[in-house]
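Numbering (my numbering), first residue to last: 63 to 159.
Beta carbons: idealized from backbone N, C-alpha and C, even for Gly.
Keep in mind that this is a model prediction, so the values were computed, not measured.
Take a look at the structure:
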């Protein structure tokens, strides 16, 4: 999943904060983060109830991790979902701050 760009995910960044969004069926799943030096602090993921169980949050975290790697950043997953994602994907743990 990490090797394939996902053009349906929108990424907006303003200064030291950013957001990934994925619209499906008129609703939007999101991931927010803030940058602290060279660390992407993932502080929030949300999937609307009607979209849960489709792997949207997984896609958002995977995209954020791919982008962090490309930028040379570490990742601090303070959001519980993102922290669990790293437990489930040990191949990316070297990015943990």
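Per-residue burial, residue i [other beta carbons within 10 Å of its own, 16 or more giving buried]
| i | result |
| --- | --- |
| residue 139 | buried |
| residue 130 | buried |
| residue 78 | exposed |
| residue 144 | buried |
| residue 132 | exposed |
| residue 93 | buried |
CA nearest to the CA of residue i, picked from the options
| i | options | result |
| --- | --- | --- |
| residue 95 | 137, 105, 122 | 105 |
| residue 88 | 112, 145, 130, 101 | 112 |
Those residues which DSSP pairs with residue i across a bridge
| i | result |
| --- | --- |
| residue 108 | 92 |
Sequence-distant residues of the same chain with beta carbon closer than 7 Å to residue i, five excluded per side
| i | result |
| --- | --- |
| residue 119 | 91, 107, 109, 143 |
Own chain residues within Cβ distance below 6 Å of residue i, not counting five before or after
| i | result |
| --- | --- |
| residue 102 | 95, 130, 135, 137 |
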